[in-house]
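For reference, the structure discussed in these notes is given below.
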Amino acid sequence: MSVIILRNNLKEALEKANRALGEASHLPVLKNFLIKAENNNLIITSTNLELGITVYVPAKIIEPGYFMIPASVFSSLISNITSERLDIQIKDSNLEIKADNYEAEIPILNSEDFPIIPDIENKNKFIEFNSSFISEAFNQIISTVQFSEIRPEISGILFDFQLNELTLVGTDSFRLAEKKISNSKFKTNFDTNFKFIIPIKTIHEFIRVFKKDEIVKFYFDENQILFKSNTVEIISRLIEGNFPDYKAIIPKNFETEIEINKNDFMNSLKLSGVLNPSIYEIKIIIKSGKKNIEVLSTEKSFGKAKSTLLAKIKGKDAEILFNWRYFFDGLKNFKDEAVFIGLNDGSRPALIKSEDITYLYILMPIKQ
Amino acid sequence: MENLEQQELTKIWQSILNEIELQLPKASFVTWLKNSELVDKKDGVAYIALPNSFTKAWVENKYNKIILGNIRLLDDSTKNIKYLVKSAKSSDFPKDADKNNGSKTETSEKQLAFPEFKIDPETNLNPKYTFATYVVGGSNELAYAAAQGVVGDIGKKYNPLFIYGGVGLGKTHLMQSVGNEIKNAYKNQVRVKYVSSEKFTSDVIAAIRAKRAEDVKKKYRDVDVLIIDDIQFIAGKEKTEEEFFNTFNALYEVNKQIVISSDRPPKAIPVLEERLRSRFEGGMVVDISPPDYETRTAIIKTKLQQKNKELPDSVIDVIAAKVRKNIREIEGIVNVVLFYKEQKRADLTPQAVEEIIRKNTQHTPENITPNHIVRATANFFQIPIDDLMGKCRRKEFVRPRQVAIYLLRDMLDLSYPHIGDIVGKKDHTTAIHAYEKINKELNKNSDLNQKIILIKDIINKSSE
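Residue numbers (the numbering used here), protein chains in the order written: chain V, 1 to 368; chain X, 369 to 832.
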């Protein structure tokens, strides 16, 4: 094997492939890259058996071939070389890297042991997104999802595809976010509805790995999903199980309703929350007929704070405890300045929404 | 070779794995084959389940020969192997899978969660209900034994199992325990579904409306164990009863287990179709009555243990003696007493506890009128109101009259002369006698206790 490649392209590709390296000590082979040279590309693959990432780097292929190499050594070597152009070739059982004023030889490994990356059999049907758009939608959801061994079915984002609309949902059972995407925002040739759950880690990697404004196609089968652009592929398992029937928990009527400036509210949450570093608990006081609401710190031993801010208030008085971080996480996902918050008593969920009706956020209070 | 039982398959697979383990490097064996499973073997094909598609791709490509060779050593009728991906549970993946899942926000213990989410969406079971936390006493030991019998021998021993008893006596706990226990014992090989009869009804209605009757069929007939709570609510809803009857038969014919609960025995559910009633009575019918004193004591102690709290024996004794309606009420009182103890830090004397019980059990809604009580009682015993308030001393009227008097006193705290007036110009001594008679009998006669609880329920509902 012999190739000529630009150092920056290779470095960028290795950084992406690094995302899927395994740390499982029982299988050291997962700490390697599998690298192939074919069809004007150097193709780098890594996997941790949960997901696999394949990156295509344009290169001049003089002689095709493939090899396996320890990821950490190869990555740090490439990222520290300063020359622009690299000659890489296999000599005996070593990989020879030549730069302007640098030469190295690294022993390569037997690629027989590298896991086979599974593939999606049927690639006729797909959904096509702009990478920036779908990453932004994922970003509005991910803060509500946490990895949980006990509850695998909420350790990912629900991907509920209907012909007219796609709905993404995430929850950790304390809060929940729902994002609707109309079919004008994607292209597809699917003609049936379906839904599945994508592991949260896969979503994190998706956001990191795909570049701005790439065209990404989503393919899937029963238990895996493939994201594919011209330069990168991520294949991941899907989570088996049923996502909870969340629609029932979205409150429809409220005893107390407020309209408030998002940024002011986030600021006052932070100011009160700062005095309560361990439990993130704050109290929101709303009095009907007033023009302000109050946000209070609750843990006296850290001091006392109270911020007052303008709000349009409708309905009954309310005094409810919340985790301010949950509120904050939700508010920052809204693009509109003015948000609506609907509250019921201290034991029922609160809802945040704005003029952009495609997104909503629900959170549970803290027990009084 | 015919379709083997799963246990048999597991045994075969284990012995094959033992062989293969010797032929592969340890790391490879652990990574690729440890979580494998032989799920079926028929017509010369062995079906092997693997936890994810990476494993499947690898095993298929690398180990097919070794595995087939070893299977054929045991059984040379096997010609082929098919690999499946099964239940990719997150625990099957390396622990480091969560290494960068963002910052974990610490959640305070008091942070509330969406109540709907505690429930397993596939089975509808709430994992908090188990046999381990179920307190067994004289009043429920038969029901408990039957429930355990079901777990041990699904679909055969007691089918259907019909459990009846009043509100808050632990029917749901027992039924859900059956489901959870089966799920744990047989892992994913037995499909369990728990459903309330309201949910079943609304599914039937939704299906009729959407003209998709097959949805209900698919949902409820594709299970091995169907658990239906509070079946009395489907009585009189013709379409639902019919759909339930069909579901019941479809499952029963293929020896699938059915567990049903109700607040009364099958023969006492009014307007239940005869064919359903006879089906229910064809299996095992067991009752749960209100717990006796000893069981109540045990329940209180279990609750305290679960909460990691303590109360003096004298206090437990007072609660067990005074709160006898149902377990939910006992639980409520225990919570209030604990709260009192922690907040006020005052001495918890038996007198103070009695006071707490007195305050907390008088929760009769204000809008209940004597009329509600009289009407509900007459309806319950299915006698005309006029006879209940009349002079006739026939047994079938006297008993309901006494019950009405007891309820008027117990729920509304009316004076005896006033009560005498209401039930047809009787003397106040008649009222006193009736009240005391019923009150005394309540402790011994669990059937009567249950009836009283039922009538109270009806009254509370009718006044809402």
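Backbone N, C-alpha and C define an ideal beta-carbon position, used for all residues, glycine too.
Beta carbon proximity, residue i to chain V, threshold 9 Å
| i | result |
| --- | --- |
| X/Ala-553 | no |
| X/Lys-829 | no |
| X/Asn-429 | yes |
| X/Glu-484 | yes |
| X/Lys-677 | no |
| X/Ser-545 | no |
| X/Ser-421 | yes |
| X/Ile-498 | It is Thr, not Ile, that sits at residue 498 of chain X in the sequence shown. For X/Thr-498, the answer is no, since every Cβ of chain V falls outside 9 Å of its Cβ. |
| X/Val-572 | no |
| X/Gln-557 | no |
| X/Thr-399 | yes |
| X/Glu-582 | no |
| X/Val-704 | no |
Counted within 10 angstroms of its Cβ, other Cβ atoms place residue i as buried (16 or more) or exposed
| i | result |
| --- | --- |
| V/Ser-131 | buried |
| X/Ala-746 | buried |
| X/Arg-366 | Chain X is shown from 369 up to 832; residue 366 of chain X falls before or after that span and cannot be answered. |
| X/Lys-463 | In this prediction, X/Lys-463 has a pLDDT of 37, which is less than 50 and means its spatial position is unreliable; what the coordinates show is noted afterwards. Exposed, by the Cβ-count rule. |
| X/Tyr-803 | buried |
| X/Arg-656 | Note that residue 656 of chain X is Ile in the sequence shown, not Arg. Buried, since its Cβ has 16 or more Cβ neighbours within 10 Å. |
| V/Val-73 | exposed |
| X/Arg-726 | exposed |
| X/Leu-766 | The sequence given here places Val at residue 766 of chain X; Leu does not occur at that position. Label assigned to X/Val-766: exposed. |
| V/Tyr-280 | buried |
| X/Ala-744 | buried |
| X/Ser-421 | buried |
| X/Lys-586 | exposed |
| X/Lys-759 | exposed |
| V/Asn-333 | buried |
| X/Ser-630 | buried |
| X/Arg-664 | buried |
| X/Pro-785 | exposed |
| X/Gln-375 | exposed |
Cβ of residue i within 9 Å of any chain X Cβ
| i | result |
| --- | --- |
| V/Glu-50 | yes |
| V/Gln-89 | no |
| V/Pro-28 | yes |
| V/Lys-332 | no |
| V/Asn-18 | no |
| V/Pro-70 | no |
| V/Phe-174 | yes |
| V/Met-364 | yes |
| V/Phe-218 | no |
| V/Lys-300 | no |
| V/Asn-242 | yes |
| V/Asp-160 | no |
Among the options, the one whose alpha carbon lies nearest that of residue i
| i | options | result |
| --- | --- | --- |
| V/Phe-340 | V/Ile-260, V/Ala-177 and V/Leu-21 | V/Ile-260 |
| V/Ser-30 | V/Glu-355, V/Glu-128, V/Lys-290 and V/Glu-50 | For clarity, residue 30 of chain V is Leu in the given sequence; the question names Ser instead. V/Leu-30 has its Cα closest to that of V/Glu-50, out of V/Glu-355, V/Glu-128, V/Lys-290 and V/Glu-50. |
| X/Gly-538 | X/Leu-493, X/Arg-577, X/Asn-694 and X/Ala-514 | X/Asn-694 |
| X/Val-503 | X/Arg-577, X/Leu-594 and X/Asp-660 | X/Asp-660 |
| V/Ile-35 | V/Glu-23, V/Leu-27, V/Pro-28 and V/Ala-59 | V/Ala-59 |
| V/Thr-438 | V/Lys-252, V/Ile-235, V/Ile-285 and V/Lys-262 | The shown model of chain V, from 1 to 368, leaves out residue 438 of chain V, and the question about it has no answer. |
| X/Glu-723 | X/Lys-763, X/Val-705, X/Thr-737 and X/Leu-640 | X/Val-705 |
| V/Phe-186 | V/Thr-171, V/Lys-212, V/Phe-129 and V/Pro-28 | V/Phe-129 |
Below-9 Å beta-carbon distance, residue i vs any chain C residue
| i | result |
| --- | --- |
| X/Lys-478 | Absent here is chain C; the protein component of the structure consists of chains V and X. |
Discussion item. To test your reading of the DSSP string, which unbroken alpha helix (DSSP H) runs of 4 or more residues are found completely within the stretch 761-799 of chain X?
Written reply: For the stretch 761-799 of chain X, whole alpha helix (DSSP H) runs of length 4 or above, ordered along the chain, are 763-780 and 784-790.
Worksheet item: Counting Cβ pairs, one atom from each stretch, are 3 or more of them under 8 Å apart for the stretch 354-364 of chain V and the stretch 376-385 of chain X?
Response: Contact fails: fewer than three Cβ-Cβ distances are below 8 Å.
Worksheet item: Where are the beta strand (DSSP E) runs, 3 residues long or more, that stay fully inside the stretch 474-533 of chain X, in chain order?
Response: Scanning the stretch 474-533 of chain X from its first residue to its last, the whole beta strand (DSSP E) runs of 3-plus residues come out as 529-533.
Discussion item. Could you tell me which whole beta strand (DSSP E) segments of length 3 or greater appear in the stretch 305-359 of chain V?
Written reply: Runs of the beta strand (DSSP E) spanning 3 or more residues and lying entirely within the stretch 305-359 of chain V occur at 306-310, 312-315, 318-323, 338-343 and 350-354, in chain order.
Discussion item. Under 8 Å: do the stretch 194-203 of chain V and the stretch 142-157 of chain V share three or more Cβ pairs, one atom per stretch?
Written reply: Touching, yes.
Discussion item. Which runs of the alpha helix (DSSP H) at least 4 residues long sit entirely within the stretch 602-631 of chain X? Give them in chain order.
Written reply: List check, alpha helix (DSSP H) in window: 606-621.
Discussion item. For the structure I just gave you, are there three or more beta carbon pairs, one from the stretch 104-113 of chain V and one from the stretch 285-302 of chain V, closer than 8 Å?
Written reply: A contact is defined here as three or more CB-CB pairs under 8 Å, and the stretch 104-113 of chain V fails this definition with respect to the stretch 285-302 of chain V.
Discussion item. What ranges does the beta strand (DSSP E) occupy inside the stretch 122-205 of chain V, keeping only unbroken runs of at least 3 residues that lie completely in it?
Written reply: Scanning the stretch 122-205 of chain V from its first residue to its last, the whole beta strand (DSSP E) runs of 3-plus residues come out as 127-130, 156-162, 165-171, 175-182 and 194-199.
Worksheet item: Enumerated in chain order, which unbroken segments of the beta strand (DSSP E) with a length of 3 residues or greater are wholly contained in the stretch 80-111 of chain V?
Response: Listed in chain order, they are 85-91, 94-99 and 102-107.
Item to complete: Count the CB pairs spanning the stretch 212-227 of chain V and the stretch 117-130 of chain V that are closer than 8 Å, and state whether there are at least three.
Response: Cβ pair count under 8 Å is three or more, so yes.
Practice prompt. Tell me the start and end of each unbroken beta strand (DSSP E) in the stretch 206-264 of chain V that is at least 3 residues and wholly inside, in chain order.
Written response: You should have 215-220, 224-228, 232-237 and 256-261.
Item to complete: Could you tell me whether the stretch 482-489 of chain X touches the stretch 513-522 of chain X, where touching means 3 or more Cβ pairs closer than 8 Å?
Response: Touching, no.
Worksheet item: Touching or not, the stretch 564-579 of chain X and the stretch 593-612 of chain X, by the rule of three or more beta carbon pairs under 8 Å?
Response: Pairwise C-beta distances place the stretch 564-579 of chain X in contact with the stretch 593-612 of chain X, as three or more of them are shorter than 8 Å.
Worksheet item: Do the stretch 79-97 of chain V and the stretch 176-191 of chain V make contact, defined as three or more Cβ pairs closer than 8 Å?
Response: As far as the Cβ criterion goes, the stretch 79-97 of chain V does not touch the stretch 176-191 of chain V, which means the pair count is below three.
Worksheet item: Using 8 Å as the Cβ pair cut-off and three pairs as the minimum, do the stretch 558-570 of chain X and the stretch 590-608 of chain X touch?
Response: Judged by Cβ distances under 8 Å, the stretch 558-570 of chain X makes contact with the stretch 590-608 of chain X, as three or more pairs qualify.
Practice prompt. Report yes or no: do the stretch 520-538 of chain X and the stretch 624-640 of chain X share at least 3 C-beta pairs separated by less than 8 Å?
Written response: Under the Cβ criterion (8 Å, minimum of three pairs), the stretch 520-538 of chain X counts as touching the stretch 624-640 of chain X.
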